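So the number in our numbering is just where the residue sits in the sequence shown, counting from 1, plus 1050.
Note that beta-carbon positions come from the ideal geometry of N, C-alpha and C, so glycine has one too.
Note that the coordinates shown come from a computational prediction; the quantities given were computed from them, not determined experimentally.
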Amino acid sequence: MYLFNHLRTPLAAAAALAVIACGGTPAPAATPVDVGKGSLNGAGATFPEPFYTAAFYQYTQKHSDVTVNYQAIGSGGGIKQFTAGTVDFGASDVPMSATELAAAGGDSALVEVPTILGVVSIAYNLPSVTRLQLDGPTLANIYLGSIKSWDDPAIKALNSGLTLPSKPITPVHRSDGSGTTYQFTDYLGKVSPDFKTQVGVGKSVSWKGGVGASGNQAVAAAVKATDNSIGYVELAYVVQTGMQQAFVKNKAGKFLQASIDGASAAAATNTNVSPANFSITDSDCATCYPIASFSWVFVKKAQTDTDKGKAIAYLFKWLVTDGRSTTPRSSILKAHPTTAPASGLLQRWRHRRAHRARGSPRIDRQHDAGDPARLLAGQEDHRLADIPAAALRLQQGPPPARLAELGRHSSRVDHRRVDHPRRDGVDPDPLRTVVRGHGAGEPDHGGLGGRVEQGGVAAAEARDRGEVDNRTAALLEHLG
């Protein structure tokens, strides 16, 4: 989830963006008509990806000479690519360390801008437990390996009257360099001296066991697929999959679930945000959720391409000003208006799957209008929540026009359908990544992912047969 009301962009960062936009000279009083042009490439944190997807799309609709490509590879990877000069901007959920800053050219060479706020949820997989309460020291001991079972006395003490299973706990953690890991370990390090000493605080730490997964999305999928597990995940990914999330005890003694309001309250306690003063974990107020954070972007001050320099500067100037009020909060339950067609496509896909399982191959056009809330609740035995998290990003993610591009980029997709043309499986991100199939447990259940070779041709043919009502829906049908 992404918040704007309490996010204060440091004046120095705002001024630096203005200077970049003007090619190294002071900015004029009014924003010029020329906001630059070019293809901007960025990489980094998975934490803010759902918001960036919607925001960058909205910006490029306003400025057709600008395109923005963002790869969510983790905060550590984003810093490395930015330092290497392979991307135009980097993104991380924690500012650069002194060592990273020096490698990138030093403080005088770049500007670090806090763009949004995020919330780290504690997700768990215990179907019999509808309300789980945890505190920081208990969470720390779970990840230290000293609390091994769900019926441990420490967990029981926080959940009076609750029957907890005598099952081993499987902690899930990030395996990549991650700003989400930094925020989680920053919190645990504040509430547990043992955790700070034995594991430490950072984007990458030495875990005491558990299961590793790369990216917020993969952690969410691992928790959802593993009974008796627990993991830390950015809230948007938990909402998208309908996962269980724990109530975490804050510094004031209140048990709260991750929420927009809780993160806003925590952000309000930091009145002077800067790369040297950014932590808002374990904030002291009754309504503060204890694991919230800012997310940052990095931009070079010196831009050799004037047009691209303007485009970068005005993109992020918009993101931290007008973009805060014009881009909705990221939520699967309220799809971004510009991506509503993608929501409708996903609705048609789910309904098509339900009919296929019952012997009907055609689309019921009464279901063309997507209802995200109803989808999340589920339709009979075909529950949307059963689709891995990334497929759900179609709900808020790439507009339909980008789905059509899949047919023109078949070389980027693994040829997975070897044994059966309707092999089960869902690609977490059909635009960029490939994974092995995730069985849905139903003989005829197809996946969004798969081979898309000659997808455009197949899509057009399906449209011409009258099986779908437009080329984008046809391509989605071909993928499924």
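For the pair PRO1221 and ILE1280, the CB atoms are nearer than the 8 Å cut-off. Exposed is the label assigned to SER1216, since fewer than 16 other Cβ atoms lie within 10 Å of its Cβ. Shown here, GLY1262 sits in a strand according to DSSP, grouped into three states.
When the alpha-carbon of GLY1092 is set against those of THR1371, LYS1358 and GLY1373, the nearest one is in LYS1358.
In this structure, the alpha-carbon of LEU1184 lies about 5 Å from that of VAL1298.
VAL1273 and VAL1283 have their C-alpha atoms roughly 10 Å apart.
The beta-bridge partner set that DSSP reports for VAL1298 consists of LEU1184 and LEU1306. Secondary structure of LEU1167 (DSSP, three-state): strand. Just measuring C-alpha positions, the residue of LEU1365, ALA1271, THR1188 and ALA1286 sitting nearest SER1242 is THR1188. A straight line joining the alpha-carbon of GLN1307 with that of ASN1209 spans about 15 Å. The residue among GLN1121, PHE1344 and SER1147 with its C-alpha nearest the C-alpha of PHE1328 is PHE1344. By alpha-carbon distance to PHE1097, the top candidate from VAL1169, ASP1236, PRO1177 and GLY1140 is VAL1169.
DSSP places VAL1283 inside the beta strand (DSSP E), whose first and last residues are 1279-1284. When secondary structure is reduced to three states using DSSP, SER1256 falls in the coil class, being assigned neither helix nor strand.
Non-local beta-carbon contacts of LYS1301 in its own chain, meaning distances under 6 Å to residues more than five positions away in sequence, involve ASP1332 and ASP1334 in chain order. Of all C-beta pairs linking the stretch 1243-1259 to the stretch 1223-1232, three or more are shorter than 8 Å, placing the two stretches in contact.
Taking 8 Å as the cut-off, the beta carbon of LYS1304 is found no closer than this to the beta carbon of VAL1085. Classified as exposed, GLN1111 has fewer than 16 neighbouring CB atoms from the shown chains inside 10 Å of its CB. Non-local C-beta neighbours of LEU1212 in its own chain, meaning closer than 7 Å and more than five positions away in sequence, comprise VAL1179, ordered along the chain. Distance from the CA atom of ALA1268 to the CA atom of ALA1190, rounded to whole angstroms, is 21 Å. For TYR1120, the uninterrupted beta strand (DSSP E) run begins and ends at 1116-1122, by DSSP. Per the DSSP secondary-structure output, TYR1174 pairs in a beta bridge with ILE1280 and GLN1294. Relative to SER1199, the option among ARG1181, LEU1176 and GLY1186 whose CA is nearest is LEU1176.
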